[in-house]
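K.L.:
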Amino acid sequence: MLGNIGKIRFMTIQLHDTLQGRKVAFQPLKDGEVTMYLCGPTVYNYAHIGNARPAVVFDLLARVLRRRYRLTFARNITDVDDKIIAASLESGRPIEEITAKYARIYNEDMAALGVQPPDVEPYATQHIDVMIAMIASLIESGHAYEADGHVLFNVESHEAYGELSKRDLREMIAGSRVEVAPYKKAPQDFVLWKPSEDGQPGWDSPWGRGRPGWHIECSAMAEKHLGDTIDIHAGGQDLVFPHHENECAQSRCAHGGAPFARYWLHNGFLSIDQTKMSKSLGNVLLVHDLLEKMPGEVIRLALLSAHYRQPLDWSGETIESARRMLDRLYGAVRGIEVSEAARAAAEVPAALIEALEDDLNTPRAMAVFFALARSLNKTDDPVEQEALAAQMYAAGDLIGLLGNDPEEWFAGHVEGEVPSDQIEALIAKRNEARANKDWAAADGYRDQLHDMGIAIEDGPTGTTWRRTG
Ligand code: AMP
Ligand code: ZN
Numbered sequence: 063m064l065g066n067i068g069k070i071r072f073m074t075i076q077l078h079d080t081l082q083g084r085k086v087a088f089q090p091l092k093d094g095e096v097t098m099y100l101c102g103p104t105v106y107n108y109a110h111i112g113n114a115r116p117a118v119v120f121d122l123l124a125r126v127l128r129r130r131y132r133l134t135f136a137r138n139i140t141d142v143d144d145k146i147i148a149a150s151l152e153s154g155r156p157i158e159e160i161t162a163k164y165a166r167i168y169n170e171d172m173a174a175l176g177v178q179p180p181d182v183e184p185y186a187t188q189h190i191d192v193m194i195a196m197i198a199s200l201i202e203s204g205h206a207y208e209a210d211g212h213v214l215f216n217v218e219s220h221e222a223y224g225e226l227s228k229r230d231l232r233e234m235i236a237g238s239r240v241e242v243a244p245y246k247k248a249p250q251d252f253v254l255w256k257p258s259e260d261g262q263p264g265w266d267s268p269w270g271r272g273r274p275g276w277h278i279e280c281s282a283m284a285e286k287h288l289g290d291t292i293d294i295h296a297g298g299q300d301l302v303f304p305h306h307e308n309e310c311a312q313s314r315c316a317h318g319g320a321p322f323a324r325y326w327l328h329n330g331f332l333s334i335d336q337t338k339m340s341k342s343l344g345n346v347l348l349v350h351d352l353l354e355k356m357p358g359e360v361i362r363l364a365l366l367s368a369h370y371r372q373p374l375d376w377s378g379e380t381i382e383s384a385r386r387m388l389d390r391l392y393g394a395v396r397g398i399e400v401s402e403a404a405r406a407a408a409e410v411p412a413a414l415i416e417a418l419e420d421d422l423n424t425p426r427a428m429a430v431f432f433a434l435a436r437s438l439n440k441t442d443d444p445v446e447q448e449a450l451a452a453q454m455y456a457a458g459d460l461i462g463l464l465g466n467d468p469e470e471w472f473a474g475h476v477e478g479e480v481p482s483d484q485i486e487a488l489i490a491k492r493n494e495a496r497a498n499k500d501w502a503a504a505d506g507y508r509d510q511l512h513d514m515g516i517a518i519e520d521g522p523t524g525t526t527w528r529r530t531g
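Those letters in the sequence shown? Residues 63 to 531, per my numbering, in order.
(1) Suppose the cutoff is 7 Å on Cβ atoms and the five residues either side in sequence are ignored; what does the same chain contact list for residue 451 look like?
(2) How about residue 418 and residue 431: do their beta carbons lie closer than 8 Å?
(3) Whether or not the stretch 444-459 and the stretch 323-332 are in contact is what I'm after, with contact meaning three or more pairs of Cβ atoms, one per stretch, closer than 8 Å; do they touch?
(4) Residues around the ligand ZN, please: the ones whose beta-carbon is closer than 6 Å to some heavy atom of it, in chain order.
(5) What's the C-alpha gap between residue 190 and residue 389?
(6) Jot down the residue ranges of each uninterrupted alpha helix (DSSP H) in the stretch 216-290, minimum 4 residues, whole runs only, in chain order.
(7) Taking a contact to mean a Cβ-Cβ separation below 8 Å, would you say residue 276 touches residue 305 in this structure?
(8) What residue does the alpha helix (DSSP H) around residue 171 start on, and which one ends it?
(9) Whose CA, out of 506, 77 and 499, lies closest to the CA of residue 488?
(10) Give me the Cα-Cα distance between residue 313 and residue 215, rounded to the nearest whole angstrom.
(11) Is residue 439 a contact residue of the ligand AMP, with contact defined as CB to any heavy atom under 7 Å?
(12) Between the Cα of residue 90 and the Cα atoms of 321, 122 and 410, which residue gives the shortest distance?
(13) Return the residue from the list 197, 141, 95 and 158 that minimises the CA-CA distance to residue 130.
(14) Please look up how many angstroms separate the CB atoms of residue 138 and residue 280, rounded, as I've assumed it's under 8 Å.
(15) Please indicate yes or no: does the CB of residue 244 lie closer than 7 Å to some heavy atom of the ligand AMP?
(16) Which one or two residues does DSSP pair with residue 98 in a beta bridge?
(17) Buried or exposed: where does residue 202 fall if 16 or more other Cβ atoms within 10 Å of its Cβ makes it buried?
(18) Classify residue 189 as helix, strand or coil using the three-state DSSP reduction.
(19) For the stretch 334-385, which segments carrying the alpha helix (DSSP H) assignment without a break, of at least 4 residues, lie completely within its bounds, in sequence order?
(20) Do you know offhand how far residue 371's Cα is from residue 329's?
(21) Specify whether the stretch 405-412 and the stretch 363-381 touch according to this definition: at least 3 beta carbon pairs, one from each stretch, less than 8 Å apart.
(22) Mark residue 387 as exposed unless 16 or more other C-beta atoms lie within 10 angstroms of its C-beta, in which case mark it buried.
(23) Going along the chain, which unbroken runs of the alpha helix (DSSP H) with 4 or more residues stay wholly within the stretch 390-478?
(24) For the ligand AMP, any of its heavy atoms closer than 7 Å to the Cβ of residue 428?
(25) Using a Cβ-based criterion (distance less than 7 Å to any ligand heavy atom), does residue 115 qualify as near the ligand AMP?
(26) Pull up the CB-CB distance for residue 292 and residue 99, whole angstroms please, since I reckon it's below 8 Å.
(27) What is the DSSP secondary structure of residue 491, reduced to helix, strand or coil?
(28) Tell me the rounded alpha-carbon separation between residue 238 and residue 343.
(29) Which residue from 284, 310 and 249 puts its Cα closest to that of residue 236?
(30) On a Cα-Cα basis, can you pick out the residue from 161, 116, 76 and 115 that is closest to residue 104?
(31) Does residue 255 pass the burial test, meaning 16 or more other C-beta atoms within 10 Å, or should it be called exposed?
(32) Using the C-alpha atoms, what's the distance from residue 350 back to residue 106?
(33) Which two residues bound the contiguous beta strand (DSSP E) that contains residue 119?
(34) Quick one: grab the DSSP three-state call for residue 76.
(35) Using a threshold of 7 Å, is the CB atom of residue 358 nearer than that to any non-hydrogen atom of the ligand AMP?
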């Protein structure tokens, strides 16, 4: 795995592949080119902070891959789905209006987190013909069957079914407690096409007017834009089964058994204060709301602070710690002029790249980043200062941090941040109210500050404040 070119030692990129269950050396199908597919959002509401984790993590992987390869990165938009139909019925708004609105908001919110746009952003509704062709070929080869207006994938026709999620089909069938639709041959058979009622979105097909199942959407879009075998397929851990297992089965059967993805990558789950995020618990944090309270970089770094395969707990402490880390980084480069030439000449420290190329080890990469900040803090030599600061900006460009002006950062003038002078003005008003013994008004100002994510403390020398996110 270690190679030598002259004096330069290089390692291949290491990635953890879910199918092989271990970290392996990454080798793309074609020399110098990489294809990557990430299952994108179903656009019927705002993205929550858990949804942002795969977007940010695999954006970083895309950035790392682009240093070495010509990357084609596809992240789809699921704009036909029963949840979207339900949202339309509930709100009385047309489906197209809902999907266009939330796709736009998703992209704006992800951009605020430093997520670069993918190379291709296919919409499911624009690929219905590809899906119909794939389903027809699966029927023809005996891997799918038509029943009661539906088309189903026949899991027993695919020997390797269960390979990705390490499930045994026989055991699954035997232990199946799913209520089985009468038209299914096996309980695990899943829908490729289903009939649409009047008023539901539908397209004409050889099996009547209907719409695709979710799994076939990704298989068809990946085939169309990236080919039969893709290098990397990514998504959150919960997608391994059934979504990715089913995508894999369909695509392999449609392509004469060829591998679907050479590497399967899955991010761990994000919890809130050690609790599963769920609507019923009322603890769903929307990216859109978080961005009102803090800069996107704080959220980005918080999402990258744990290794992507580990669980990540989101709490006040996660946010504060990300903010402190950014303060340290911005503090190091603050006041140092870096010329265009110095920036262009600067390279990202090799140890930082090595950490990222080692299955995206962000905690190790950040440790290198801080070591660089410490070296910069220690030196008084202006030439060295400029060179080190330029390296910090190069590292920031790669990870998607340090995109703001340091002075603006500390003045709280970064987008999403409540400016410090506004906070201090409110504190002054509160102190005035207190001096006038107007306790109700004083409490009102405290609450207002609290809602802005600002904690205040009264001490012998006056009132101090800090951001809590
Ligand atoms: P969904 O809209 O539910 O299909 O989710 C979109 C993406 O977000 C998928 O890749 C999910 O695996 C991922 N995801 C959803 N919830 C979480 C969570 N709590 N933590 C991490 N990833 C999540
Ligand atoms: Zn998918």
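Note that CB positions come from ideal geometry on N, CA and C, so glycine has one too. Bear in mind that the values here come from a model prediction, so they are computed numbers and not experimental data.
P.N.:
Taking the geometry as given:
(1) Translated into positions along the sequence shown, residue 451 becomes position 389. The answer, listed in chain order, is 395, 398, 400 and 438.
(2) The residue given as residue 418 occupies position 356 in the sequence shown. The residue given as residue 431 occupies position 369 in the sequence shown. The beta carbons of residue 418 and residue 431 sit no closer together than 8 Å.
(3) Remark: fewer than three beta-carbon pairs, one from each stretch, lie closer than 8 Å, so the stretch 323-332 and the stretch 444-459 are not flagged as touching.
(4) Any residue whose Cβ sits closer than 6 Å to a heavy atom of the ligand ZN makes the list: 101, 280, 305 and 309.
(5) Within the sequence shown, the letter at position 128 stands for residue 190. Within the sequence shown, the letter at position 327 stands for residue 389. Using only the alpha carbons, I get a separation of about 48 Å.
(6) Runs found: 231-236 and 276-288.
(7) Translated into positions along the sequence shown, residue 276 becomes position 214. Translated into positions along the sequence shown, residue 305 becomes position 243. For residue 276 and residue 305, yes; Cβs fall inside 8 Å.
(8) The residue you call residue 171 lines up with position 109 of the sequence shown. In the DSSP assignment, residue 171 falls within the alpha helix (DSSP H) that extends over 157-174.
(9) In the sequence shown, counting from the first residue as 1, residue 488 sits at position 426. The residue with the shortest Cα to Cα distance from residue 488 is 506.
(10) Reading the sequence shown from its first residue, position 251 is the one you call residue 313. Reading the sequence shown from its first residue, position 153 is the one you call residue 215. Taking the straight line from one Cα to the other gives about 11 Å.
(11) For the purposes of this step, residue 439 is taken as residue 377 along the sequence shown, with counting starting at 1. For residue 439, the CB stays at least 7 Å from every heavy atom of the ligand AMP.
(12) To locate residue 90, count along the sequence shown from 1; it is residue 28. Here the closest residue by C-alpha is 321.
(13) The count along the sequence shown starts at 1 and reaches residue 130 at position 68. Measuring from the Cα of residue 130, the nearest candidate turns out to be 95.
(14) Start at 1 with the first residue of the sequence shown, and residue 138 comes out as number 76. Start at 1 with the first residue of the sequence shown, and residue 280 comes out as number 218. Residue 280 and residue 138 do touch by the CB rule: their CB atoms are close to 6 Å apart, below 8 Å.
(15) For the purposes of this step, residue 244 is taken as the residue at position 182 of the sequence shown. Outside the cutoff, so no.
(16) For the purposes of this step, residue 98 is taken as the residue at position 36 of the sequence shown. Residue pairing for residue 98: DSSP places it in a beta bridge opposite 135 and 294.
(17) Translated into positions along the sequence shown, residue 202 becomes position 140. The residue is exposed, with fewer than 16 neighbouring Cβ atoms inside 10 Å.
(18) Position 127 of the sequence shown, counted from the first residue, corresponds to residue 189. Note: residue 189 maps to helix in three-state DSSP.
(19) Counting whole runs of 4 or more residues, the stretch 334-385 contains the alpha helix (DSSP H) stretches 349-355 and 358-366.
(20) By one-based count along the sequence shown, residue 371 stands at place 309. By one-based count along the sequence shown, residue 329 stands at place 267. Roughly 5 Å separates the two Cα atoms.
(21) The stretch 363-381 and the stretch 405-412 do not touch, with fewer than three beta-carbon pairs separated by less than 8 Å.
(22) Residue numbering aside, residue 387 sits at position 325 when the sequence shown is read from its first letter. By the beta-carbon neighbour count (other beta carbons within 10 angstroms, threshold 16), residue 387 is buried.
(23) Entirely contained in the stretch 390-478, the alpha helix (DSSP H) runs reaching 4 residues are, in chain order, 402-407, 412-419, 424-440, 444-461 and 468-473.
(24) Residue numbering aside, residue 428 sits at position 366 when the sequence shown is read from its first letter. No - the ligand AMP has no heavy atom lying nearer than 7 Å to the Cβ of residue 428.
(25) Along the sequence shown, one-based indexing puts residue 115 at 53. At least one heavy atom of the ligand AMP sits closer than 7 Å to the Cβ of residue 115.
(26) Translated into the one-based positions of the sequence shown, residue 292 becomes position 230. Translated into the one-based positions of the sequence shown, residue 99 becomes position 37. That belief holds up - the Cβ atoms of residue 292 and residue 99 are roughly 5 Å apart, short of 8 Å.
(27) Along the sequence shown, read from residue 1 onward, the residue named residue 491 stands at position 429. Residue 491 falls in the helix class under three-state DSSP.
(28) The residue labelled residue 238 in the question sits at position 176 within the sequence shown. The residue labelled residue 343 in the question sits at position 281 within the sequence shown. Straight-line Cα distance between these residues: approximately 29 Å.
(29) Counting from 1 along the sequence shown, the entry for residue 236 is found at position 174. Looking from the CA of residue 236, the closest CA among 284, 310 and 249 belongs to 249.
(30) Position 42 of the sequence shown, counted from the first residue, corresponds to residue 104. Checking every option, the nearest Cα to that of residue 104 belongs to 161.
(31) Translated into positions along the sequence shown, residue 255 becomes position 193. Per the 10 Å Cβ criterion, buried.
(32) Counted from its first residue, the sequence shown places residue 106 at position 44. Counted from its first residue, the sequence shown places residue 350 at position 288. C-alpha separation (whole angstroms): 14 Å.
(33) Counting from 1 along the sequence shown, the entry for residue 119 is found at position 57. In the DSSP assignment, residue 119 falls outside any beta strand (DSSP E) and within the unbroken alpha helix (DSSP H) covering 111-128.
(34) Numbered from its first residue, the sequence shown carries residue 76 at position 14. DSSP, reduced to helix, strand and coil, places residue 76 within a strand of the structure shown.
(35) One-based indexing of the sequence shown puts residue 358 at position 296. With a threshold of 7 Å, the Cβ atom of residue 358 does not count as near the ligand AMP, since no heavy atom of the ligand is closer than that.
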